[in-house]
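Peer 1:
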Amino acid sequence: MRIDLHCHSTASDGTDTPAELVRNAAAAGLDVVALTDHDTTRGYAEAIAALPAGLTLVTGAELSCRLDGVSMHMLAYLFDPEEPALLSERELVRDDRVPRARAMVVKLQELGVPITWEQVARIAGDGSVGRPHVATALVELGVVPTVNDAFTGDWLADGARAYVPKHETDPFEALRLIKGAGGVAVFAHPAASKRGLTVPESAIAELAAAGLDGMEIDHMDHEPATRVRLRGLAAELGLLGTGSSDYHGSRKTCVLGEYTTDPEVYGEITRRATGAFPVPGTGGA
Ligand code: AMP
Ligand code: ZN
Ligand code: FE
Ligand code: FE
Numbered sequence: 002m003r004i005d006l007h008c009h010s011t012a013s014d015g016t017d018t019p020a021e022l023v024r025n026a027a028a029a030g031l032d033v034v035a036l037t038d039h040d041t042t043r044g045y046a047e048a049i050a051a052l053p054a055g056l057t058l059v060t061g062a063e064l065s066c067r068l069d070g071v072s073m074h075m076l077a078y079l080f081d082p083e084e085p086a087l088l089s090e091r092e093l094v095r096d097d098r099v100p101r102a103r104a105m106v107v108k109l110q111e112l113g114v115p116i117t118w119e120q121v122a123r124i125a126g127d128g129s130v131g132r133p134h135v136a137t138a139l140v141e142l143g144v145v146p147t148v149n150d151a152f153t154g155d156w157l158a159d160g161a162r163a164y165v166p167k168h169e170t171d172p173f174e175a176l177r178l179i180k181g182a183g184g185v186a187v188f189a190h191p192a193a194s195k196r197g198l199t200v201p202e203s204a205i206a207e208l209a210a211a212g213l214d215g216m217e218i219d220h221m222d223h224e225p226a227t228r229v230r231l232r233g234l235a236a237e238l239g240l241l242g243t244g245s246s247d248y249h250g251s252r253k254t255c256v257l258g259e260y261t262t263d264p265e266v267y268g269e270i271t272r273r274a275t276g277a278f279p280v281p282g283t284g285g286a
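Going from the sequence shown to the working numbering is simple: count from 1 and add 1.
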């Protein structure tokens with residue numbers, strides 16, 4: 002069984018539509034794929050409608066959180082997408098992304114970059130707008146060669162010249178909301194230090210005590226030594242350890258199924274969830 006529990010579509014900052022994502026997941030030989038767009042569930046219906054036979058969809062989202070000034074991402078799986086408290090927090094974060102992206106455009110204009118909001122809005126389409134969309138605009142304008150090159154102190158990295166923070170949920174509140182909606186919570190790429198500051202192990206221990214179910218261990222932004230350390234920490238704290246690609250289509254270099262989750266861990270995630278069930282594919286539209 003090949004299980005990839007972290008993928009983005011055009012509902013946020015991936016480049017595959019939800020339908021393309023599930024078709025590509027099947028073509029990549031996956032048995033289970035999770036749709037985890039940033040702060041939104043709007044890709045679910047299209048993914049389910051297109052789901053090929055033999056592929057199971059885990060519905061989820063990647064929630065933007067911040068702890069002591071450090072941005073972090075919380076994967077939520079198999080929660081009830083209509084549960085009102087989590088829904089309204091998701092909408093708050095997602096909607097705040099728009100004025101925030103506009104403010105980043107203004108900062109870039111002040112730096113002399115001929116970027117416009119219309120350009121970023123076109124790139125984002127109806128997906129929840131984020132820095133990768135702004136980064137794509139910078140690539141289009143020839144300011145940087147690749148999306149990753151926009152994530153430096155010169156441009157869009159945390160605290161960089163054109164960075165603007167967005168509303169992000171306290172992770173302890175996120176845990177309460179996820180649990181309240183019947184979901185399972187997995188800390189995404191907890192030690193991705195290339196992306197900026199990461200939270201200390203003591204905070205992971207506090208989150209574990211507050212109901213965190215697991216953390217992502219096998220991820221492209223974790224070096225082998227980091228994975229070894231995280232595996233030890235997960236064992237110590239009784240956390241599940243997952244592996245996933247964090248696929249973003251052509252916006253990032255990783256491929257579907259580049260890292261995968263152990264079937265036993267996946268089974269435990271599905272047993273703990275009460276908000277939704279994995280959706281078996283029936284052939285697709
Ligand atoms: P946002 O949610 O708009 O703040 O954008 C965060 C997203 O930008 C993350 O989910 C990553 O996909 C991407 N990102 C953040 N840091 C980096 C980085 N150093 N290199 C490449 N992509 C990054
Ligand atoms: Zn993303
Ligand atoms: Fe993330
Ligand atoms: Fe992600």
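Virtual Cβ for every residue (Gly too), placed ideally from N, Cα, C. All of these numbers come straight from a predicted model, not from anything done at the bench.
(1) Quick one: which unbroken beta strand (DSSP E) runs of 3-plus residues sit fully inside the stretch 61-126? Chain order, please.
(2) Please tell me whether residue 38 and residue 3 are closer than 7 Å, where the distance is taken between their beta carbons.
(3) Can you say whether residue 219 is buried or exposed, counting buried as having 16 or more other CB atoms within 10 angstroms of its CB?
(4) Could you name each continuous alpha helix (DSSP H) segment of 4 residues or more that falls completely within the stretch 151-224, going from the start of the chain to the end?
(5) Is residue 280 helix, strand or coil by DSSP?
(6) Cα separation between residue 17 and residue 6?
(7) For my contact list, residue 209 and residue 241 are in at a C-beta cut-off of 8 Å; report their separation, rounded to the angstrom.
(8) When you compare only the Cα positions, how much space is there between residue 146 and residue 140?
(9) Residues near ligand 3, CB to any non-hydrogen atom under 6 Å, in chain order?
(10) Anyone know if the C-beta pair for residue 168 and residue 94 falls short of 7 Å?
(11) Give the straight-line distance between the Cα atoms of residue 181 and residue 153, rounded to the nearest whole angstrom.
(12) What does the alpha-carbon distance come out to for the pair residue 170 and residue 66?
(13) If we count the other Cβ atoms within 10 Å of its Cβ and call it buried at 16 or more, is residue 287 buried or exposed?
(14) Does residue 44 come out as helix, strand or coil in the three-state DSSP assignment?
(15) With a 10 Å radius around its C-beta and 16 neighbouring C-beta atoms as the bar for buried, classify residue 132 as buried or exposed.
(16) Can you tell me whether residue 247 sits near ligand 4, meaning its C-beta is under 6 Å from at least one heavy atom of the ligand?
(17) Please indicate yes or no: does the CB of residue 14 lie closer than 6 Å to some heavy atom of ligand 2?
(18) Short check: CB of residue 138 to CB of residue 110, under 7 Å?
(19) In three-state DSSP terms, what is residue 29?
Peer 2: Taking the coordinates as given:
(1) The DSSP assignment places 71-78 as complete runs of the beta strand (DSSP E) inside the stretch 61-126, in order along the chain (cut-off: 3 residues).
(2) Not closer than 7 Å, so no.
(3) Label assigned to residue 219: buried.
(4) As far as the stretch 151-224 is concerned, its whole alpha helix (DSSP H) runs of at least 4 residues are 172-181, 202-210.
(5) Strand, per DSSP.
(6) Distance between the alpha carbons of residue 17 and residue 6: 16 Å.
(7) The Cβ separation is near 10 Å, so there is no contact.
(8) One C-alpha to the other measures close to 6 Å.
(9) That gives 63, 74, 189, 190.
(10) The Cβ atoms of residue 168 and residue 94 lie closer than 7 Å to each other.
(11) Cα-Cα distance, rounded: 37 Å.
(12) For residue 170 and residue 66, the distance between alpha carbons rounds to 4 Å.
(13) Not covered by the structure: residue 287. The range shown for the chain is 2 to 286.
(14) The three-state secondary structure of residue 44, taken from DSSP, is coil.
(15) Flag for residue 132 reads buried.
(16) Shortest gap from the CB of residue 247 to any heavy atom of ligand 4: under 6 Å.
(17) Yes.
(18) No.
(19) Three-state DSSP puts residue 29 in coil, outside helix and strand.
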